[in-house]
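Numbering (my numbering), first residue to last: 173 to 253.
This is the structure we're talking about:
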């Protein structure tokens, strides 16, 4: 996977799972692991900072709910409900 964030860019291993995917960023002494679960039209993704010998620390938690189909970009954005 190719990712951009806060002026940084990188290529990371993308691992499909039974209900989503996992990808990791290795950053010096720690790893950031993102785990996404997709179920019933909802995408839930969390990010954990993992340091050797310590408990993971949750640094990111996102929930996205699918609103419906769209013909974007030709028809414009889907409006919020």
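Yeah, the Cβ is synthetic: ideal placement off N, Cα and C, and Gly gets one too.
For residue 242, the secondary structure class from DSSP, reduced to helix, strand or coil, is coil. Residue pairing of residue 208 in beta bridges, as defined by DSSP: 193 and 217. In the DSSP annotation of this structure, the continuous segment of the beta strand (DSSP E) that includes residue 183 starts and ends at 180-183. Judged by DSSP in its simplified three-state form, residue 249 adopts coil rather than helix or strand. Apart from the 5 residues on each side of it in sequence, residue 239 sits with its Cβ closer than 7 Å to the Cβ of 250 and 253 in its chain, given in chain order.
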